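The structure appears below as structure tokens.
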Amino acid sequence: MTIRSTRLVIVAILATAALGVLPASPAFAANSTSCPLGALKKASKPVEITMWHWMLRANGDVLQKLTDAFNASQKNVKVTLVNQVGWEETLAKYKAGLSSGDLPDIVQLQETDQQQMIDTGTVVPAGVCAKADKYSFSDFLPRVTSYFTVEGVQYAMPFNTSGPVLYYNKKAFAAAGLDPEKPPTNLSELRAAAEKLKANGVATPMGLKTDPIFLEQWTAMSNRLFANNGNGRKARTTKTVFDSPVGRQVFSWMAGMVKDGLAETNSDIGTGASDNFLGIRSGSHAMTIDSSAALGTVTAILGAGNDPNIELGVAPMPGPGSGAIRGGVFVQGGELFMVNKSAPAKQAAAWEFLKYLDSPENMTTWAIGTGYLPIRKSSASSTEMQDYWAKNPDFKVAYDQLVNGPDSIATAGSVIGPNTEVRGAVRDAENSMFLEGTDPKAAIAAAAKNATAAILDYNSRIGA
Amino acid sequence: MTVDTVDARALHRRRVWGKVGSYTLLTVLAVIVLFPIYITVVNSLLPSREILSQPPKLFPSNPQFNAYSDAWNVGHMGTYLKNSFIVTFLITVGQVVTAILAGYAFAFLEFPFKRLLFVVFLATLMVPFEVTIVTNVSTISDLGWYNTYAGLAVPFLATGFGAFLMRQSFLTLPAELRDAAALDGYGHWRFLWRVAVPLARPAVAALTVFAFLAAWNQYLWPLLITKDDKLRTVQIGLKQLQQSSIDQLNIVFAGAVIAVIPLVILLLFFQKQLVRGLTAGAVKG
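First to last, the sequence lines map onto chains A and B. Residue numbers 11 to 474, in the numbering used here, belong to the letters of the first sequence in order. Residue numbers 399 to 683, in the numbering used here, belong to the letters of the second sequence in order.
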């Protein structure tokens, strides 16, 4: 290619790129500081609102039933649910809608999308409406409301909540001489159990998912911060602080488990994300840590009668350190945001619907129908919930775990804008440790460095 | 017995064994490649419970077809399939027509800034669609095409790749052909459709298949630009099915089969043309 045409190509690429990439000029947007409750009264009825969600099948059916009941119960508000397939798709679609204006009145997002959603400046904070409406969150589990409170404002309405638990095979435990009713409670007990299981012929006793959330949970369980500025809750976080004694301890622990053949890793993303469960099923694993949200599926598979060698046990996630756990797990799952681009009457209608969804009775229905946790104390203590738990004790484990331990800024969990990138940095470090034998200390230091770089990059991008 | 015949026999034997060897290898490879498709069909015919059995069932002893009707009705695959057909048809026809016209212009016409324009066309190949997705969504919304077939199809009616492919194909036609056609009184329009396009048929077929595949497999764009189930396409339906509960695995497999059938049919019809189109450039000096 001649110099002339090379230059032509470059000019053309730049011209095309400039045409295509330039974003729509960012409108000045700020989250609402008031809630137009009165607008609903004045509006012509019914006020129609749309909610984007990513609940599918059984979970989606329960949500639809609750919504239908709401629509039938009154004439002021009519809610239409639109399924956006998955949380990634929902966020992508919401972001695209920011420039085109095609936004819902309520959007369900993943818990980790919280900071990004706040940064869009399109939220009517649930806390603001609660205050205007004299609605109290005191019946909600403190761990849940604290997860959704950033710099003193509760932005989202909590909704579908889960937590990490230990899944184990009671029959393999019994065969190895372990007490199946006394699963390991901390990481050293877990390793000891794995050694016994391995001696008894379980190939790699633990299926260890390279899920970066484990590091976050273990940090919270030690009552330590994951990111600075109070986990990003006092002010926007500017760096990660997980390269701590606890972080290094869990990284060395994981590396040791893998190196000694006590654990086999599988990715938490892509097609291998269920390999830890499949390993339990095939008998090559006897333990794994995963979200309680998987419990319904796992129970259904193992309950199909094809697996006589497996009796599923569920226990709280074993934490670092011995003795009593000093911290606690933070919530995983999803939450609901009201959107301030909607007309005032729609914002008020959205608040009515959120109050309805999170009412004690509906939270009970939701928890029993989906396997998510009841996030209100009165739902948890209701007769239906207690009866359900008596019959399905495995479903109670994640709830008990969530109310255990102190409610602190550490157990509230971190709130980070570029969560995907931060988790990617942790995942990469774990993989370099498992696959290339990188020293755990060097691995976690690299993770912290890359994660901090991602945070700084994000902060400068949004001009914070 | 002469030396020659011994040699000939040995040669013949070697040829036969060589053939046996290569056919065995090809059969093994074909089985490996086809197995996932086979097992998908098998699993779509099994009751959900049996899909999970160990060892896995390799043959449906008692095939059940209700998964297909479930995927079609409950999973809305019928509606999604219809939408996919409409959108894919529009996109494929649009892309092929615009590519032929643009490719012809770049190959046979002289006009100002031809080189620069062509480079701009090429440059669009280097901008991934994801980069422009947000601006595209707002453009389509501003045009009032949010949640319409137009919104689904229009952004893909013309591609730089198509124009490039057709231009390259037209350039291989000898210039004398154009001159001869001109002597016969053919204008550009008649030359294009009567001579150039028939001669460039492998490239047209290849482009058709590429456009069809790309349009059929679209996921993110249809999801962003549609409001509800009425206009969504088959890949979205498949993803929805995929995330369904574990006791309905057979429906997921049935949905996958439904989504892939049109592609298989297309490939069966176009296979020859496609291979010719792909290798056409390889033998030209």
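All C-beta atoms, glycine included, are put in the ideal place defined by N, C-alpha and C. Just so you know, these numbers come straight off a predicted model, no measurement behind them.
A distance below 8 Å between beta-carbons, with the five flanking residues on each side excluded, links T155 (chain A) to the following residues of its chain, in chain order: F147, Q164, P168.
In the three-state reduction of the DSSP assignment, T77 (chain A) falls in the helix class, which pools H, G and I. Close to chain A, meaning a Cβ-Cβ distance shorter than 8 Å, are the following residues of the region 444-475 of chain B: R447, L450, S451, Q452. The secondary-structure analysis by DSSP pairs Q164 (chain A) across a beta bridge with A:T159.
The alpha-carbon separation between L672 (chain B) and F562 (chain B) amounts to approximately 17 Å. Look at G306 (chain A) here: in three-state DSSP terms it is helix.
Below 8 Å, enough C-beta pairs join the region 138-146 of chain A and the region 41-50 of chain A to call them touching: three or more.
Look at F509 (chain B) here: in three-state DSSP terms it is coil, with no helix or strand label. In this structure, G343 (chain A) keeps its C-beta atom at 8 Å or more from the C-beta atom of T421 (chain A). Spanning the alpha carbons of N481 (chain B) and L629 (chain B) requires a straight line of approximately 6 Å. Cβ proximity to chain A below 8 Å picks out R513, L514, V517, V518, L520, A521, T522, M524, V525, V529, T530, I531, V532, T533 from the region 504-534 of chain B. CA-to-CA, the gap between L597 (chain B) and V414 (chain B) works out to about 39 Å. Residue range 393-401 is occupied by the alpha helix (DSSP H) that includes Q396 (chain A).
Listed along chain B are L621, each with a C-beta nearer than 7 Å to that of E99 (chain A). Residues K219, T220, D221 of the same chain have their beta carbon placed closer than 7 Å to that of D278 (chain A), with the five preceding and five following residues left out of the count. Residue pairing by DSSP places N196 (chain A) opposite A:G329 in a beta bridge.
Under the Cβ distance rule, K103 (chain A) counts among the residues neighbouring chain B, one pair being separated by less than 8 Å.
Residue state for D300 (chain A) is assigned as strand, using DSSP reduced to three classes.
The CB of S539 (chain B) comes closer than 7 Å to the CB of S110, G111, D112 in chain A, given here in chain order. Three or more Cβ pairs closer than 8 Å define a contact, and the region 591-610 of chain B falls short of that threshold against the region 511-530 of chain B.
According to the DSSP secondary-structure assignment, H63 (chain A) is paired through a beta bridge with A:N93. Assignment of alpha helix (DSSP H) within the region 448-501 of chain B, counting only whole runs of 4 or more residues, yields 464-471 in chain order. Here the alpha carbons of I663 (chain B) and S467 (chain B) stand approximately 21 Å from one another. Excluding the 5 residues flanking it on each side, P328 (chain A) has same chain C-beta neighbours closer than 7 Å at L176, P194, T195, N196, L197, E199, L200, in chain order.
The beta carbon of K351 (chain A) is closer than 6 Å to those of L113, T132 in its chain, skipping five residues each way along the sequence. Rounded to the nearest angstrom, the gap between the Cα atoms of A456 (chain A) and A230 (chain A) is 20 Å. For E362 (chain A), no beta strand (DSSP E) encloses it; the enclosing alpha helix (DSSP H) starts and ends at 354-367.
At a Cβ-Cβ threshold of 8 Å, I378 (chain A) and Y398 (chain A) count as neighbours.
Restricting attention to B:E448, B:I489, B:D626, B:P526, the CA atom closest to the CA of T606 (chain B) is found in B:I489. The region 81-97 of chain A and the region 314-329 of chain A do not touch, with fewer than three beta-carbon pairs separated by less than 8 Å. Using a Cβ-Cβ cut-off of 8 Å, Y544 (chain B) is close to S110, D112 of chain A, given in chain order. T60 (chain A) sits buried, since 16 or more C-beta atoms from the chains shown fall within 10 Å of its C-beta.
For L305 (chain A), not one C-beta of chain B is nearer than 8 Å to its own C-beta. Here Y584 (chain B) carries a coil assignment [DSSP, helix/strand/coil].
Residues of the region 214-242 of chain A with a Cβ closer than 7 Å to any Cβ of chain B: none. A check of alpha carbon separations from I623 (chain B) across A:F183, A:T247, A:N81, A:A106 identifies A:A106 as the nearest.
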